[in-house]
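In the UniProt record's numbering, the protein residues as written are 1 to 574.
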DNA sequence: ATAGGGTTAG
């Protein structure tokens, strides 16, 4: 009775579904589980249906088949509470029917969304127990679930042990690596895949481009863009967005506009947001806001990310009042403010020294401020020497159980600057009593098509001695220009000499020194840092750009710094 | 019993 199944897909509201359900019951088709599960699946997984109603139907089925369970699990896996699918799967184990490959597939999808690694592992055992482990699709689902639950090592083992891999398998592994902060491995896999003759598709290049963005690997990125054009993958808007993002993060703002204006497919809000963010990162606030204003003309509505990008642009360009106006206009534009918008505006006001106003905005929030907000305010207090406000912010951070080293360093240094040594001691004690974590800083730089990674104080590079020697030379030469190390950025509890040493071997300095010794005169040096560039490095690199006559481009966590002739494109406002 | 499942940017 194929007509009933065809009718199901034509339903576009719950009353339609109910009518069809009534029809199935009257004609006796409800008992034939094919039509019934189709109805259930449609009701549980599409926007026309309703998961609660599907559950209601399910509960009224006297003899449930595997497919009935599958429909509900699939619906739950897509819901806001994917973990419920796992609970449902568990209760299915008591039912008379057996789970099949699809049951496992849907449940694994739920595990991936709920970041439930242990549960994914348990389903994996079931997959073997039920004898469906030879299924390539299911193996890929498993691999993807492990990767999404941050167990990339397990995902790799899955991948290595698979006897057959298709394009989706490669894609799952490449995107997994790219999204799991292992961009090197993502690119390695991408190359391997091409070597054995598997043709990347639009999903593959999305993962590979994302890896290039993270690494700032422009040579690799350009090659992928060539491939994209040769294979007409640029008719896919997602691919265009990823290409734009890649060029933006690799520093090629001109290319960004070229790709954007040459797009033949319809732009989405993500395209526009990527563009606004690109100009924000490059410190061109005016251009970013100009693009932001064009969004509506393109028939699209700015969303919360658009506003965040625009606020970020105001931040990086020091457009304080414009940013504030934008922030205040959000409500009437029907866009909800989230903690990131607040963070951005607190940063904006904080940098301008408007600390009281920033504090009031935090107080006015109807959601809980997060750690980052207080850290932002604390940073501004440090800059403007406001001890009282800094204590307020620090107290909040301590209450929230901060384990970040930077928070303690900021407060400690502020006390030290006001010679409140007792308080400095208290902060030191607090640091000892909790397990204060320091996120390791690292930098990438590309020389001759090879990407080198440097960690703070790193001696792993084969030429580390030359690099350190170069840094000594730099230290000597810049002191002629009146350079004094900005030891403010290091905790005041170690000797001055040690402090200078800690600063001197920051990963971005190592990368720049390596660039100086391994590239020819006048060749620009690009460095890519995972954290924000520190104040001392900022000063030193400005001087290097002057003394060594080199253009140095540093991309930090939030933006680009272009150093030339002793000054930086951020105009020391970042 | 029929079919359905995996990979996707800001």
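The C-beta atom is built at its ideal place from N, Cα and C for all residues, glycine as well.
Neighbourhood of residue i by C-beta distance below 6 Å, restricted to the same chain and skipping five residues each side
i	result
residue 280	288, 309, 312, 313 and 316
residue 272	295
residue 547	477
residue 114	82 and 83
residue 103	70
residue 110	77, 82, 85 and 86
residue 570	283 and 561
residue 254	none
Residue i: first and last residue of the uninterrupted alpha helix (DSSP H) it sits in
i	result
residue 34	33-45
residue 545	535-547
residue 344	339-351
residue 505	Element bounds for residue 505: n/a, residue is neither H nor E.
residue 367	Unbroken run through residue 367: none, as it is neither H nor E.
residue 247	237-249
residue 326	320-329
residue 127	117-129
residue 23	14-27
residue 261	253-261
residue 279	269-281
residue 170	167-179
residue 293	285-297
residue 57	51-59
Inter-residue Cα distance where the pair is residue i and residue j
i	j	result
residue 555	residue 302	27 Å
residue 175	residue 182	10 Å
residue 134	residue 105	13 Å
residue 5	residue 27	14 Å
residue 402	residue 157	35 Å
residue 324	residue 566	32 Å
residue 418	residue 353	19 Å
residue 345	residue 233	38 Å
residue 80	residue 241	27 Å
residue 208	residue 524	25 Å
residue 29	residue 262	54 Å
residue 424	residue 398	15 Å
residue 372	residue 361	14 Å
residue 450	residue 179	21 Å
residue 7	residue 152	43 Å
residue 559	residue 211	18 Å
residue 43	residue 17	7 Å
residue 533	residue 509	10 Å
Limits of the unbroken beta strand (DSSP E) element including residue i
i	result
residue 106	Segment 101-114 is the alpha helix (DSSP H) holding residue 106; no beta strand (DSSP E) there.
residue 526	525-529
residue 445	442-447
Opposing strand residues paired with residue i [DSSP bridges]
i	result
residue 562	553
residue 567	564
residue 476	DSSP, once it has assigned bridges, lists no residue as partnering residue 476.
residue 452	445
residue 304	For residue 304, which the question treats as bridged, DSSP gives no partner whatsoever.
Pair within 8 Å by beta-carbon distance, residue i and residue j
i	j	result
residue 512	residue 552	yes
residue 394	residue 378	yes
residue 21	residue 39	yes
residue 24	residue 53	no
residue 458	residue 526	no
residue 348	residue 387	no
residue 11	residue 65	no
residue 396	residue 390	no
residue 351	residue 505	no
residue 528	residue 557	no
residue 434	residue 412	no
residue 292	residue 250	no
residue 514	residue 461	yes
Cutoff 7 Å; reference residue i; Cβ partners in own chain excluding five residues on either side
i	result
residue 45	74, 75 and 78
residue 108	120, 123, 141, 142 and 145
residue 235	264 and 265
residue 268	237
residue 138	101, 104, 105, 127 and 132
residue 1	Legend: pLDDT at residue 1 = 49, less than 50; position of this residue unreliable, value from coordinates given subsequently. Here the set comprises 29 and 35.
residue 453	442 and 444
8 Å CB neighbourhood of residue i in its chain, flanking five on each side removed
i	result
residue 544	474, 478, 512, 516, 550, 552 and 563
residue 542	563, 566, 567 and 568
residue 244	256, 259, 260, 271, 274, 275 and 278
residue 204	167, 170, 171, 174, 190 and 193
residue 466	517
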